[in-house]
Each structure stands twice: as C-alpha cells, then as structure tokens.
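> One structure, pasted below without further comment.
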Amino acid sequence: MPGKKKHGEYNIIPDNLYDCQIPLYNDLAYQHGIHFEAKYIGSLEIPRPGNRVEIVAAMRRVRYEFKARGTRKRPVDISISVDGVKVMLQRKKKPPKDGAGWDETKFLLMFHPVYRIFYVSHDSHDLQIFSYIARDGMSNTFKCNVFKCSKKVSSFRLESNFGIGLAYPGHVMD
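If you read the sequence shown in our numbering, its first letter stands for residue 23, the second for the next number, and so on.
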C-alpha cells in the first residue's frame, strides 16, 4: 500500500524481515542453543560497574591490555541458550586419531548461567566488538569478557540474541 509523501509516493515495507521486535529464532532454537563464531579477546576482573560509561571503559581496558601484551585472539564458538552462555574453543576439522570422540570439557573455555550475567554491550567505535559482564561463581567478582565477532554477524545481532536468550526463561514459565 503506497503512502503519500510531500514529494511523491513511497512504498511501505510489506514484510517484517528487519523488525527488531520480531525474534530471529523460534523458542525451540533457544532451548537447544544458538551458535555463533567469534574471536575471544580476553577477560578481566572488574569492580561492579555503576553505569554504561564504566562498562564501556572496562571493555576498552580489556582490549587495550590484551593488545599491549600481544595476546592472540582465539577463535571460539558461543552458544546462547536457556541454560546460559557457553564459550568453547573451536575444534580442529579432523577428529582425534585414537578413535575417541570429542571431549567437551577440553574445549569449554567458560560457562555462565543466565542468572549470573550482569550486562551485555557492544562498542560504538568498533561494531564488531561486544562484551558481557558476568559474576564469577566462586569469588562473586565481576568479569568482563570481550569478543570480536566475524564480519558476517554484527555485534548488534549477537547482543539482541543475548537479550532474547536471557529473557527467554521468564517467557517459558507463563
């Protein structure tokens, strides 16, 4: 249905492909987990952040410190599900020669349950960088984990899936 405009007609977008209110994945996908590839920059313990400025400062501090150390970015798989966020090192293409299957515990870098995730954010200067802050299990300190996503997936998409994945358990209980 074309609308009227001052300088002529324009076509209203007919379908809702790019509507932010409509989730990209269905509920079943969030139960099994949505997988993304990214590069793990690093993580540091931080004091409890009070506002967005402190969160962005912590994210940039992590990036700067690991860049100054010369630490390589490790390729990881991020799985966002109802259980939480699982970060695993990417496997090599060939299976082990001894015939045994993959041992998931060797590749698990970190796992944070949903209730321990404090904040998810992207860097406005570099749109491929995103981070999340989670409380550590034993020490109850906050850790800022920073990632660089591939060019195929923007940090906005990852950030929105984090938000939907974290909000999903409340949605299921209805």
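We treat Cβ as the ideally placed atom computed from N, Cα and C, and that holds for glycine.
Per DSSP, what kind of secondary structure is Val203 in: helix, strand or coil?
With the chain covering only 23 through 196, there is no way to say anything about residue 203.
> Say the cut is 6 Å; is the CB of Lys61 nearer than that to a heavy atom of the ligand HEM?
Absence of the ligand HEM is noted for the structure shown, with no ligands found whatsoever.
> With DSSP as the reference, label Arg70 as helix, strand or coil.
In the structure shown, Arg70 sits in coil (DSSP, three-state: anything other than H, G, I, E or B).
> From this set, Val107, Ile63, Phe58, Ser146, which residue's C-alpha is nearest Lys89's C-alpha?
The residue with the shortest Cα to Cα distance from Lys89 is Ile63.
> Please go through the same chain and pick out, in chain order, the residues whose beta-carbon is closer than 6 Å to the beta-carbon of His134, but skip the five residues on each side of it.
Excluding sequence neighbours, His134 sits near Gly106, Val107, Ala156.
> Near Ser101, which residues of its chain fall below 6 Å by C-beta distance, leaving aside the five closest residues on each side in sequence?
Gly55, His57, Lys108.
> Exposed or buried, which one is Met160 when buried takes at least 16 other CB atoms within 10 Å?
The residue is exposed, with fewer than 16 neighbouring Cβ atoms inside 10 Å.
> Can you give me the C-alpha to C-alpha distance between Glu67 and Ile139, rounded to a whole angstrom?
Whole-angstrom Cα-Cα distance: 14 Å.
> Can you give me the Cβ contacts of Phe164 inside the same chain, cut-off strictly under 8 Å, excluding the 5 residues immediately before and after it?
Once the five neighbours on either side are set aside, the close Cβ partners of Phe164 are Glu67, Ile68, Pro69, Arg70, Pro71, Phe140, Ile155, Ala156, Arg157, Asp158.
> At the level of alpha carbons, what is the spacing between Met110 and His144?
Approximately 20 Å, taken between the alpha carbons.
> Note the first and the last residue of the continuous beta strand (DSSP E) segment covering Ser143.
Counting along the chain, the beta strand (DSSP E) containing Ser143 begins and ends at 139 to 144.
> Quick one, are the C-beta atoms of Ala60 and Cys171 less than 7 Å apart?
Taking 7 Å as the Cβ cut-off, Ala60 and Cys171 qualify as a contacting pair.
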